[in-house]
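Taking it in order: structure first as structure tokens, then the write-up.
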Amino acid sequence: MKRTTKTTSILAPVVTFFIIFGLWELAILIFKIPRWILPGPIAIFNTMIVKFADFWPNIWVSMQTIFIGFIFAVPIGIVLAGIITNFKTLAAALDPFIIFLVVTPLITLVPLLMYFLGFGIEVRILAVIIQSFAIVNMNAATGFANVELLRMELMQSVRANRLQTFSRVVLPSALPDVFTGMKLCGIFATTACISVEYVGGNKGLGSQIIRHTQYIATEKAFACIFFVAVIGIILYMLVSLLEKAIIRWKI
Amino acid sequence: MRIPWEVHFLQEPKIRFTNVTKIFKTHRQIITAVEKANLEIHEGDFVSLIGPSGCGKSTIIRMLNDITKPTSGEIYVDGEMIPQKKKISSKQIRKMGFIFQQPNLLPWMTVRQNVSLPLKVFGLKDEKWEKNVDKLLEMVGLKEYEDAYPSEISSGMIQKIGVIRAMVHDPEILLMDEPFGALDEMTREQLDIELLDIWSRTKKTIVFITHNVEEAILMASKVYVMGTNPGRIVAEVEIDLERPRRLDMITETKFIEYEKKLTSLIGEIDLSKIK
Chain A
1 MKRTTKTTSI
11 LAPVVTFFII
21 FGLWELAILI
31 FKIPRWILPG
41 PIAIFNTMIV
51 KFADFWPNIW
61 VSMQTIFIGF
71 IFAVPIGIVL
81 AGIITNFKTL
91 AAALDPFIIF
101 LVVTPLITLV
111 PLLMYFLGFG
121 IEVRILAVII
131 QSFAIVNMNA
141 ATGFANVELL
151 RMELMQSVRA
161 NRLQTFSRVV
171 LPSALPDVFT
181 GMKLCGIFAT
191 TACISVEYVG
201 GNKGLGSQII
211 RHTQYIATEK
221 AFACIFFVAV
231 IGIILYMLVS
241 LLEKAIIRWK
251 I
Chain B
1001 MRIPWEVHFL
1011 QEPKIRFTNV
1021 TKIFKTHRQI
1031 ITAVEKANLE
1041 IHEGDFVSLI
1051 GPSGCGKSTI
1061 IRMLNDITKP
1071 TSGEIYVDGE
1081 MIPQKKKISS
1091 KQIRKMGFIF
1101 QQPNLLPWMT
1111 VRQNVSLPLK
1121 VFGLKDEKWE
1131 KNVDKLLEMV
1141 GLKEYEDAYP
1151 SEISSGMIQK
1161 IGVIRAMVHD
1171 PEILLMDEPF
1181 GALDEMTREQ
1191 LDIELLDIWS
1201 RTKKTIVFIT
1211 HNVEEAILMA
1221 SKVYVMGTNP
1231 GRIVAEVEID
1241 LERPRRLDMI
1251 TETKFIEYEK
1261 KLTSLIGEID
1271 LSKIK
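Take a look at the structure:
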């Protein structure tokens, strides 16, 4: 496989972007699809820019929910994974419930959460944490549990204690898995946030997508969807940057 | 140079195994990795353990280093028994340096950080220890690579780092588990000679595991031959060749005789295994 140069790796997605949205725009022109059913990308981008000030409060609310949820979910997931992998009984006790949290769609819990706790941003952040910490936990636990035996023996050969072994061998070994978990966590957090906003309240991009669709303001609904995508991409890229900054070695 | 045996007789050996047995139980089978091993290794000795794979030679030094516990029997270092239930004492563990078959460097640490790992774990922060890191890096000619990551240096260099890491806390005993087995012949021979040089200067006690007969004879003063199924020590051969050893000794008649003797001992084991 040839190594892709930096220019191609930047250029290729840009070209793909123009091809996809070009075809979309073209299809609308050719088949004369009315704007209120499916607006073209140019119209959507136009709405995103022109009406940005109107969208901003909702973008801000969603961003806060996602980012704060994410910032809580990641350490909770990692610390719990550290505890679970160190104590086998605890692992046996908690594992099924972690899987339960990963596989249960959060949206099933949200109405009850709101019934118990109201409609504030705290409830939405809580929902994001519940939905997204478990995926970090699963990935980190996999990483912590699969450290090469020889490396563990190295630490045993100098009689390292648990903390020394964890910080010098287990955690660095598991970092690639931890970062995979964090990337998935970002995706889960975004999905969770929008799901919660669909269910209740009138703040956030999720609630706006529902509202604009109901009023057949399709362009605005699409604009909101694109904003959600942008938030998701930003979060993903931040995690990737952090990964590059921390993992500087080659295996 | 050699200490007469009368002195050995009076002195407590550096390392002593009495009837050490190690049994591994998996849910499918029970494997006797080592059966009733008895060893006596004296201070400053260079001893080789040789045998086919599965004869328990790695298990012997892993038990000595407390990576794994024996099922029964006793292991003494300087007359002090390694605890059978508890962890080994820090005083005892610091007497030993373990060199792994694969170099086993940690890829997220630089060369210097890798070498310093035992110091960090033992909490040795003195200036003197930092100087020891410098000294060892210079000794193997890798001082200029101290800030490189393992992925950036050659496999021969990596192996040397693995060796000096085990020496950084100045242990009295070096346990080497086929340390150069993964390297090409030429690099291996070169490192063998370098190791002999280090040994003659530092007078450490070395337990050297190999499956290469020639290497065992070239390096050691005493060779323990081990057999499989169950893993056990089948013979003990004193190697009476002059020191310092040189690579060209391989062609000497005496060397070849040792080689024949050891090969036939190992051969017998292989036959008995088939039965």
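Sequence order for the protein chains is A and B.
With the first letter of the first sequence counted as 1, position 197 gets the number 197 in my numbering; the numbers rise by one all the way through.
With the first letter of the second sequence counted as 1, position 209 gets the number 1209 in my numbering; the numbers rise by one all the way through.
In this text, a Cβ means the ideal position worked out from N, Cα and C, and glycines have one as well.
Checklist entry - Going by the beta-carbon positions, is the gap between Ala140(A) and Ala91(A) smaller than 9 Å? => result The Cβ-Cβ distance between Ala140(A) and Ala91(A) does not fall below 9 Å.
Checklist entry - Does any residue of chain B bring its CB to less than 9 Å from the CB of Ser157(A)? => result For Ser157(A), the answer is yes, since a Cβ of chain B falls inside 9 Å of its Cβ.
Checklist entry - What whole-angstrom Cβ distance do Glu1259(B) and Ile1217(B) have, given they're in contact under 8 Å? => result Between Ile1217(B) and Glu1259(B) the Cβ distance is about 6 Å, and since that is below 8 Å, they are a contact.
Item to check | Arg1028(B) versus Val14(A): straight-line alpha-carbon distance, rounded | outcome: Cα to Cα, the separation comes out at about 57 Å.
Item to check | For Leu1039(B): DSSP bridge partner residues | outcome: Leu1039(B) is bridged by DSSP to Phe1017(B).
Item to check | CB contact check: Lys244(A) to chain B, cutoff 9 Å | outcome: For Lys244(A), the nearest beta carbon of chain B is not closer than 9 Å to its own beta carbon.
Checklist entry - Using the C-alpha atoms, what's the distance from Asn1132(B) back to Leu101(A)? => result Rounded to whole angstroms, Leu101(A) and Asn1132(B) show a C-alpha spacing of 52 Å.
Checklist entry - Quick one, which residues of the stretch 1084–1102 of chain B are near chain A if we go by CB-CB under 7 Å, in chain order? => result Those residues of the stretch 1084–1102 of chain B that come within reach of chain A (Cβ to Cβ, closer than 7 Å) are Lys1087, Ile1088, Ser1090, Ile1093, Phe1098, Phe1100 and Gln1102.
Next on the checklist: For chain B, check one thing: does any of its Cβ atoms lie closer than 9 Å to the Cβ of Arg162(A)?
Outcome noted: So no, Arg162(A) is outside the interface.
Checklist entry - So is Phe1255(B) in contact with chain A if we call contact Cβ pairs under 9 Å? => result Proximity of Phe1255(B) to chain A, defined by a Cβ-Cβ separation below 9 Å, is not satisfied.
Checklist entry - Once you ignore the five residues that flank Lys1273(B) on each side, which residues in its own chain have a CB closer than 7 Å to its CB? => result Interpretation of Lys1273(B) is limited by its pLDDT of 47, a score under 50 that renders its predicted location unreliable; the figure taken from the coordinates is listed afterwards. Excluding residues within five positions, the ones whose Cβ falls inside 7 Å are Thr1228 and Asn1229.
Item to check | Within chain A, the residues that Val1121(B) reaches when beta carbons sit closer than 7 Å | outcome: Within 7 Å Cβ-Cβ: Val158, Ala160 and Gln164.
Item to check | Below-9 Å beta-carbon distance, Leu1218(B) vs any chain A residue | outcome: Closer than 9 Å to the CB of Leu1218(B) there is not a single CB belonging to chain A.
Checklist entry - If you drop the 5 nearest sequence neighbours on each side, which residues of the same chain put their C-beta closer than 7 Å to that of Lys1261(B)? => result Within its own chain, the residues whose Cβ lies closer than 7 Å to the Cβ of Lys1261(B), once the five positions on either side in sequence are excluded, are Val1237, listed in chain order.
Checklist entry - Name the chain D residues that come within less than 9 Å of Tyr1149(B), Cβ to Cβ? => result No chain D is part of this structure, whose protein chains are labelled A and B.
Item to check | Contacts of Glu153(A) in chain B (Cβ-Cβ under 7 Å) | outcome: When 7 Å is used as the limit between beta carbons, Glu153(A) is near these residues of chain B: Ile1067, in chain order.
Item to check | Under 9 Å from the C-beta of Asn1104(B): neighbouring residues of chain A | outcome: Neighbours of Asn1104(B) in chain A, taken as residues whose beta carbon is under 9 Å from its own, are Glu148, Leu150, Arg151, Glu153 and Leu154 in chain order.
Next on the checklist: I want to see whether chain A comes within less than 9 Å of Leu1117(B), judged by CB atoms only; does it?
Outcome noted: Yes, because at least one Cβ of chain A sits closer than 9 Å to the Cβ of Leu1117(B).
Next on the checklist: According to DSSP, is Ser1272(B) part of a helix, a strand, or is it coil?
Outcome noted: Residue confidence for Ser1272(B) is low, a pLDDT of 49 falling below 50, so the modelled location carries little weight; the figure read from the coordinates is stated next. DSSP, reduced to helix, strand and coil, places Ser1272(B) within a helical segment of the structure shown.
Checklist entry - Since Ala1235(B) sits in a beta bridge, which residues does DSSP pair it with? => result DSSP, once it has assigned bridges, lists Val1225(B) as partnering Ala1235(B).
Item to check | Beta-carbon contacts of Phe119(A) that lie in its chain and below 6 Å, excluding the five residues immediately before and after | outcome: These residues qualify, in order along the chain: Gly200 and Gly201.
Item to check | C-alpha distance - Ile1198(B) paired with Gly1056(B), whole-angstrom precision | outcome: The straight-line gap from Cα to Cα measures roughly 27 Å.
Checklist entry - Got a sec: is the Cβ-Cβ distance from Ile1015(B) to anything in chain A below 9 Å? => result It does not; no Cβ of chain A falls within 9 Å.
Next on the checklist: If you follow the beta strand (DSSP E) that Ser1048(B) is in, where does it begin and where does it stop?
Outcome noted: Bounds of the beta strand (DSSP E) holding Ser1048(B) are Phe1046 to Ile1050.
Checklist entry - For chain A, is any of its Cβ atoms less than 9 Å away from the one on Leu1265(B)? => result Output row for Leu1265(B): interface = no.
Item to check | Start and end residues, alpha helix (DSSP H) containing Ile49(A) | outcome: Looking at the DSSP string, the run of the alpha helix (DSSP H) that includes Ile49(A) is Pro41 to Val50.
Next on the checklist: Please state the DSSP three-state secondary structure of Ala1033(B).
Outcome noted: Here Ala1033(B) sits in strand by DSSP.
Checklist entry - So is Arg1112(B) in contact with chain A if we call contact Cβ pairs under 9 Å? => result Chain A, which has no Cβ nearer than 9 Å to the Cβ of Arg1112(B), makes this no.
Item to check | Option nearest Met1109(B) by Cα separation, candidates Gly1162(B), Ala1182(B) and Lys1222(B) | outcome: Cα-wise, what sits closest to Met1109(B) is Gly1162(B).
Next on the checklist: For Leu1175(B), report the span of its alpha helix (DSSP H) as first-last.
Outcome noted: Here Leu1175(B) belongs to no alpha helix (DSSP H); instead the beta strand (DSSP E) covers Ile1173 to Asp1177.
Next on the checklist: Considering only DSSP beta bridges, list what Ile1023(B) is partnered with.
Outcome noted: Residue pairing by DSSP places Ile1023(B) opposite Thr1032(B) in a beta bridge.
Item to check | Minimum length 4: unbroken alpha helix (DSSP H) runs contained in the stretch 159–239 of chain A | outcome: Unbroken alpha helix (DSSP H) runs of no fewer than 4 residues, entirely contained in the stretch 159–239 of chain A, are found at 162–165, 171–199 and 205–214, following chain order.
Checklist entry - Cβ of Val170(A) versus every heavy atom of the ligand SAM: is any distance shorter than 8 Å? => result Among the components of this structure there are no ligands whatsoever, and the ligand SAM is therefore not found.
Item to check | Cβ neighbours of Tyr1224(B) in the same chain (closer than 6 Å, five flanking residues each side left out) | outcome: The residues are Leu1049, Ile1233 and Glu1236.
Item to check | Start and end residues, beta strand (DSSP E) containing Glu1074(B) | outcome: Judged by DSSP secondary structure, Glu1074(B) falls within the beta strand (DSSP E) whose first and last residues are Ser1072 to Val1077.
Checklist entry - Apart from the five residues on each side of it in sequence, which residues of its chain come closer than 6 Å, Cβ to Cβ, to Phe144(A)? => result The residues are Ala81, Thr85, Val170 and Ala174.
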